[in-house]
Ligand SMILES: [Zn+2]
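Residue numbers (the numbering used here): 57 to 539.
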């Protein structure tokens with residue numbers, strides 16, 4: 057549950073920054089760009105039929121269990137929270153901390169350590185099943201139990217370090233104590249540096265705790281990626297490979313960090329299992345995240361969502377305090393109550409955060425095609441992604457809407473085969489930027505390309521409008537209460 061709180065703080069970062077090219081969503085707006093000009097698969101391959109055939113009964117079983125866990129897991133967290141409160145366990149842990157230590161910081165730190173340890177033990181069966189047993193049962197991981205447990209242990213220590221030792225929870229409690237009605241605002245503001253610094257240090261400090269990152273070794277592939285990056289005006293030297301094969305057999309790649317820490321990372325599983333063209337498309341997709349400023353947009357979105365979330369949380373927290381018998385507002389023993397609220401809100405907001413994520417994933421797909429023109433390799437890469445991660449390529453709409461941070465594989469394949477990148481449509485290839493920092497020009501082409509300033513402008517406006525809308529909603533709601 058401690059992790060739930062951290063997840064709440066970094067809500068969008070998890071889905072957005074770890075931009076897997078993997079799962080999937082599609083927007084109606086694309087049909088305008090792709091037109092009715094559907095491309096017949098070259099070489100006679102029917103990728104949609106392939107991805108459907110690969111979704112065997114066994115894979116379906118795995119996907120169904122995963123989908124069910126997505127709904128069961130938050131319910132389980134809530135049940136554990138109730139257990140802490142009803143049994144008096146939470147109050148007892150608070151009493152232990154209060155009997156031995158003085159000052160909010162130390163007392164909260166001790167409470168957090170106890171709480172993290174006890175909830176880890178209570179939640180262990182589900183954590184083990186989700187993270188270890190299920191992956192092994194379906195042959196998706198070779199990781200030993202000891203290594204897996206070690207990773208879990210690191211996660212707990214990181215969580216205690218940031219929330220307890222660095223005092224993030226103590227700061228939140230200080231705000232709750234000093235400003236009963238407005239703490240959501242202070243905590244929301246405090247979340248801004250946490251999210252920004254979190255995004256900056258994740259690739260430098262947190263990721264290396266679990267895996268080894270090395271600059272891409274395959275020189276031939278590297279040359280091709282660097283050339284692609286040069287075409288998109290991205291510093292190509294920041295391409296890393298990571299030894300993910302020690303934890304999983306799934307494929308992936310992502311872009312994270314920002315400024316000096318921003319990088320594109322390829323899992324070694326992807327390097328091993330994908331063909332060069334497929335990897336190049338994946339790189340084009342990741343470069344899209346980079347080039348379209350998805351990290352910053354993700355951060356802005358995360359901040360807007362967290363303001364909204366904390367505002368609602370404050371109302372519910374206040375409502376429940378007396379009912380749970382807490383007389384002090386900033387009682388550490390009330391933490392399970394706060395975390396239960398965070399769990400519910402995170403769960404209820406997931407269609408919003410996943411919707412945002414699917415939108416930018418789709419933009420990155422479009423960018424990848426504009427950059428590489430690798431329509432077929434894109435389609436075949438998603439056949440592989442879906443098969444390898446045993447993902448439903450065509451899930452029920454509700455499941456996709458609620459749970460998928462990326463468009464479903466079948467939609468991405470359909471898009472890959474129907475979208476006409478500007479250079480491919482026969483109008484002209486290539487693009488240029490006459491003055492440094494000036495607008496992109498596609499000479500002689502009215503093509504609605506992703507590289508045109510119009511595209512950038514429209515996308516930027518759309519994201520800013522969405523973020524502002526959420527922000528205004530929370531401010532408006534606060535005004536009513538203050539009045
Ligand atoms: Zn992505």
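The C-beta atom is built at its ideal place from N, Cα and C for all residues, glycine as well.
Which value, in whole angstroms, describes the spacing of the CA atoms of residue i and residue j?
i	j	result
residue 65	residue 125	At residue 65, the pLDDT of 39 sits below 50, so the modelled position is not reliable and the matter cannot be decided from this model.
residue 404	residue 464	21 angstroms
residue 153	residue 274	54 angstroms
residue 453	residue 459	10 angstroms
residue 261	residue 155	35 angstroms
residue 468	residue 172	40 angstroms
residue 77	residue 138	Residue placement at residue 77 is flagged as unreliable, the pLDDT there being 40, under the threshold of 50; a coordinate-derived value is accordingly withheld.
residue 352	residue 248	12 angstroms
residue 149	residue 220	15 angstroms
residue 414	residue 383	43 angstroms
residue 236	residue 385	8 angstroms
residue 284	residue 440	22 angstroms
residue 356	residue 370	21 angstroms
residue 474	residue 313	32 angstroms
residue 165	residue 272	41 angstroms
residue 295	residue 476	28 angstroms
residue 134	residue 128	10 angstroms
residue 308	residue 297	11 angstroms
residue 324	residue 444	14 angstroms
residue 192	residue 120	16 angstroms
residue 205	residue 222	24 angstroms
residue 212	residue 245	25 angstroms
residue 190	residue 436	27 angstroms
residue 176	residue 102	47 angstroms
residue 433	residue 346	21 angstroms
residue 276	residue 336	12 angstroms
residue 485	residue 429	Interpretation of residue 485 is limited by its pLDDT of 39, a score under 50 that renders its predicted location unreliable; no figure is taken from the coordinates.
residue 455	residue 409	14 angstroms
residue 80	residue 107	The predicted model places residue 80 with a pLDDT of 27, which falls under 50 and marks its position as unreliable; any figure quoted below should be read in that light. Approximately 13 angstroms, taken between the alpha carbons.
residue 226	residue 389	13 angstroms
residue 470	residue 100	15 angstroms
residue 183	residue 326	26 angstroms
residue 387	residue 179	23 angstroms
residue 122	residue 461	14 angstroms
residue 331	residue 202	33 angstroms
residue 329	residue 188	23 angstroms
If residue i and residue j are in contact, beta carbons under 8 angstroms, what's the gap, nearest whole angstrom?
i	j	result
residue 446	residue 198	No, residue 446 and residue 198 are not in contact; Cβ-Cβ is about 16 angstroms, not under 8 angstroms.
residue 230	residue 160	7 angstroms
residue 251	residue 358	5 angstroms
residue 350	residue 416	5 angstroms
residue 266	residue 333	Not quite, the Cβ-Cβ distance comes to about 30 angstroms (not below 8 angstroms), so this is no contact.
residue 420	residue 348	7 angstroms
Tell me residue i's beta-bridge partners as DSSP assigns them.
i	result
residue 323	298
residue 123	DSSP output for residue 123 lists no bridge partner at all.
residue 270	297
residue 309	322
residue 407	In DSSP, residue 407 forms no bridge with anything.
May I ask which residues mark the beginning and end of the alpha helix (DSSP H) holding residue i?
i	result
residue 444	431-444
residue 382	Careful: residue 382 lies outside any alpha helix (DSSP H) and carries neither H nor E.
residue 199	Counting along the chain, residue 199 falls outside any alpha helix (DSSP H), and DSSP gives it neither H nor E.
residue 249	239-257
residue 330	It is not in any alpha helix (DSSP H) - residue 330 carries neither H nor E in the DSSP assignment.
residue 157	Neither: residue 157 is in no alpha helix (DSSP H) and is coded neither H nor E.
residue 108	103-110
residue 193	190-193
residue 260	It is not in any alpha helix (DSSP H) - residue 260 carries neither H nor E in the DSSP assignment.
residue 222	Counting along the chain, residue 222 falls outside any alpha helix (DSSP H), and DSSP gives it neither H nor E.
residue 276	275-287
Check whether chain C comes within 7 angstroms of residue i, counting only Cβ atoms and requiring the distance to be less than that.
i	result
residue 415	In summary, chain C is missing from the structure at hand, where a single protein chain is found.
(request) Determine, using beta-carbon pairs with one atom in the region 315-334 and one in the region 387-403, whether at least three such pairs fall under 8 angstroms. (result) no
(message) Counting beta carbon pairs with one atom in the region 331-345 and one in the region 412-424, are three or more of them shorter than 8 angstroms?
(response) yes
(request) Determine contact between the region 377-395 and the region 134-150, defined as no fewer than three beta-carbon pairs at a distance below 8 angstroms. (result) yes
(request) Decide yes or no for the touch test of the region 237-247 against the region 357-365: beta carbon pairs closer than 8 angstroms, at least 3 of them. (result) yes
(message) Is it the case that the region 373-380 contacts the region 105-121, given that we only count it when at least three CB pairs across the two stretches are under 8 angstroms?
(response) no
(message) Below 8 angstroms, how does it come out for the region 301-312 and the region 190-207: are there three or more Cβ pairs, yes or no?
(response) yes
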